[in-house]
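> Residue numbers (numbering that gives the first Met the number 0): 0 to 452.
Dropping a structure here in structure tokens format, bear with me for questions.
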Amino acid sequence: MSDTVVSPAGSASPTPTRSNIVKIVFASVVGTAVEWYDFFLYGSAAALVFGSLFFPDSDPLTGTLLAFGTYALGFVARPLGGVVFGHYGDRVGRKKMLVISLLMMGGATVAIGLLPTYATIGIAAPLLLLLCRLVQGFAVGGEWGGAVLMVAEHGKDEHRGFWSSWPQAGVPFGNLLATGVLWLLSVFQSDAAFNAWGWRIPFLLSAVMVLIGLWVRVSLEESPVFAEAKAEIESSEKAHLPILEVLRRYPREVLLAMGMRMTENISYYIFTIVVITYVTTYLGAQKGVVLGALLAGAAMQSVLIPAIGALSDKVGRRPLYLVGAVGVGVWGFVYFGMIDSLSGPQIMLATLVGLFFHALMYSPQAAFFSELFGTSVRYTGASVGYQLASILAGALAPIIALQLLGSTDEKNTGAVAVYLAVAAAITVVSVLLAKETKATSLRHDRVLDGARD
């Protein structure tokens, strides 16, 4: 039986035990890995085959740009998903929303694996692809906030950076799964077989992983911190509209979260998605050259992120975030030169260093953003700040990077490095304006404090 503590509001809630927090972490990591496997798989397929299969009337580079356009629209749906899932997550609970988001994501991904191509049904093919991508974006928009908060609100304040970083590790683990499946197919299949039918296999495999994720998530217990806030909200006569309360009481925090995401999000998609197109289309090399490096990078991040999360509990969120942002801003000027060599060791080193700097930002981000908002609007606030930045950062990063690179004869990699440096400057300023939140209690809420006044 769990011990209990009395919150400031006077309600009893269970003290988190190690076995309980480990169970919550496992459930969040499994579900997050499944959802991001689906999301990253689309980006990799857009870089490799969607241009020719769904936009065949265009030249290869234009077809890839159009495929990345549908990829970007998934990001546009993410803030809407964040608002909707955040609204209900802040009203009825985190657990239910996590189950719904997983079902939506898995269904859309399996549907992509069954889609006819342009050669079969014409213009309807890219339209159906777009619809599936929008559903994916909507679902993943609600996933991140719920998965992170379930862990953050169950764990102890002094260890929140470590425990909250585990759902973040689920993201590279999902990328590891997606890249690993694609890499295996590239080894055992010819390009012709992969383009004809092999690309469908990773999408259809999602059905198995979704079932595993659901089996784990339905056993979760609701966040005790949220349960306390919900009781106060229900006893109040005021209407609870999380998005309006976030905009009224936390506008600064939303903007700071968006600014902090810029470098982290842009660099990740350049280092993991754009590089595939760059190596295969601009340099004319086989995709296996870069997929192996991305596989190693995802494996490294899966291990590194929790370690950095634990370090953030000791030194704070801000110092690590600043080192990561500055590191990306500088590394961008080195990165493409190493990729241009087409040397396996240099591509590996370029990838690992870039993803190391990314991990310094991404690992403490979960705890950092959770600590910025009060309990009654935390799901909405963290999701909106996180997902709005995704439109300006991750959604546009592949398109902007390819436009800056220019034609295959130009390869203006210096412009992409400047793009990364500008994003890094925005993130550095945002982190410097934010307060250190290490070990902050999550039992705080401006909205509820205002209601009591």
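Positions of the beta carbon are idealized from the N, C-alpha and C atoms, including for glycine.
(1) Pick from L391, G343, F25: whose alpha carbon is nearest that of S163?
(2) In the structure shown, what three-state DSSP assignment does I304 receive?
(3) For the structure I just gave you, are there three or more beta carbon pairs, one from the stretch 38-53 and one from the stretch 251-265, closer than 8 Å?
(4) Buried or exposed: which applies to D56, given that a residue is buried once 16 or more other Cβ atoms fall within 10 Å of its Cβ?
(5) Run the CB neighbour count on I304, radius 10 Å, all protein chains shown included, and call it buried at 16 or more, exposed below.
(6) Would the beta-carbon of L203 fall within 9 Å of that of Y117?
(7) Apart from the five residues on each side of it in sequence, which residues of its chain come closer than 8 Å, Cβ to Cβ, to I307?
(8) Along the alpha helix (DSSP H) that carries Q402, what are the first and last residues, could you check?
(9) Quick check for students: name the residue ranges of the alpha helix (DSSP H) that lie wholly in the stretch 142-195, counting only runs of 4 or more.
(10) Do V134 and A177 have their C-beta atoms closer together than 9 Å?
(11) For V302 and A151, I'd like the C-alpha separation in whole angstroms.
(12) With DSSP collapsed to three states, give me the class of W198.
(13) Under 8 Å, with one C-beta from each stretch per pair, do the stretch 114-130 and the stretch 277-288 reach the 3-pair mark?
(14) Using the Cα positions of V453 and V421, report the straight-line distance between them to the nearest angstrom.
(15) By the three-class DSSP mapping on this structure, what secondary structure does E34 have?
(16) With a cut-off of 8 Å on the beta carbons, I'd call V209 and G105 a contact; round off their distance for me.
(17) Specify the secondary structure class of G9 as computed by DSSP and reduced to three states.
(18) Take the Cβ of M0 as the centre, count every other Cβ of all protein chains shown within 10 Å, and call the residue buried at 16 or more, exposed below.
(19) Please check the pair G328 and L419, which I expect to be a contact at CB under 8 Å, by giving their CB distance rounded to whole angstroms.
(20) Between the C-alpha atoms of V430 and F367, what's the straight-line distance to the nearest angstrom?
(21) Quick one: is F84 buried, meaning 16 or more other Cβ sit within 10 Å of its Cβ, or exposed?
(22) Could you pull the start and end residues of the alpha helix (DSSP H) that N264 belongs to?
By the coordinates alone:
(1) For this step, residue 163 is matched to residue 164 along the sequence shown. Comparing Cα-Cα distances from S163 to each of L391, G343, F25, the minimum goes to F25.
(2) Translated into the one-based positions of the sequence shown, residue 304 becomes position 305. Helix at I304.
(3) A contact is defined here as three or more CB-CB pairs under 8 Å, and the stretch 38-53 fails this definition with respect to the stretch 251-265.
(4) Stepping through the sequence shown from its first residue, residue 56 is reached at position 57. D56 comes out exposed.
(5) Stepping through the sequence shown from its first residue, residue 304 is reached at position 305. Its Cβ being crowded by 16 or more others within 10 Å, I304 is buried.
(6) As a working note, residue 203 is residue 204 in the sequence shown. As a working note, residue 117 is residue 118 in the sequence shown. For the 9 Å CB-CB criterion, L203 and Y117 do not form a contact.
(7) Position 308 of the sequence shown, counted from the start, is the residue given in the question as residue 307. A distance below 8 Å between beta-carbons, with the five flanking residues on each side excluded, links I307 to the following residues of its chain, in chain order: S164, L319, A358, L359, S362, P363.
(8) On the sequence shown, residue 402 is found 403 positions in, with the first residue counted as 1. Following the DSSP letters along the chain, one finds Q402 inside the alpha helix (DSSP H) bounded by residues 396-404.
(9) Counting only runs of 4 or more, we get 159-187.
(10) Within the sequence shown, numbered from 1, the residue matching residue 134 stands at position 135. Within the sequence shown, numbered from 1, the residue matching residue 177 stands at position 178. No, these two residues do not count as a Cβ contact at 9 Å.
(11) Locating residue 302 in the sequence shown gives position 303, counting from the first residue. Locating residue 151 in the sequence shown gives position 152, counting from the first residue. One C-alpha to the other measures close to 19 Å.
(12) As a working mapping, residue 198 is identified with position 199 in the sequence shown. Of the three classes helix, strand and coil, the one that applies to W198 here is coil, per DSSP.
(13) Contact between the stretch 114-130 and the stretch 277-288 is absent, with fewer than three C-beta pairs closer than 8 Å.
(14) For the chain, the structure presents residues 0 to 452; residue 453 sits outside this window and is missing.
(15) The count along the sequence shown starts at 1 and reaches residue 34 at position 35. E34 falls in the helix class under three-state DSSP.
(16) In the sequence shown, the residue the question calls residue 209 occupies position 210. In the sequence shown, the residue the question calls residue 105 occupies position 106. Confirmed, Cβ separation roughly 3 Å.
(17) Locating residue 9 in the sequence shown gives position 10, where the first residue counts as 1. Confidence at G9 is low in this model, with a pLDDT of 40, below 50, so the placement of that residue is unreliable and no value is reported for it.
(18) Residue numbering aside, residue 0 sits at position 1 when the sequence shown is read from its first letter. With a pLDDT of 35 at M0, under the threshold of 50, the predicted position of this residue should be treated as unreliable, and no value is reported.
(19) Numbered from 1 along the sequence shown, position 329 holds the residue referred to as residue 328. Numbered from 1 along the sequence shown, position 420 holds the residue referred to as residue 419. Contact flag correct, Cβ pair sits at about 6 Å.
(20) For the purposes of this step, residue 430 is taken as residue 431 along the sequence shown, with counting starting at 1. For the purposes of this step, residue 367 is taken as residue 368 along the sequence shown, with counting starting at 1. When rounded, the distance between both Cα atoms is 10 Å.
(21) One-based indexing of the sequence shown puts residue 84 at position 85. Buried: at least 16 other Cβ atoms inside 10 Å.
(22) In the sequence shown, residue 264 corresponds to position 265, counting from 1. Start and end: 250-268.
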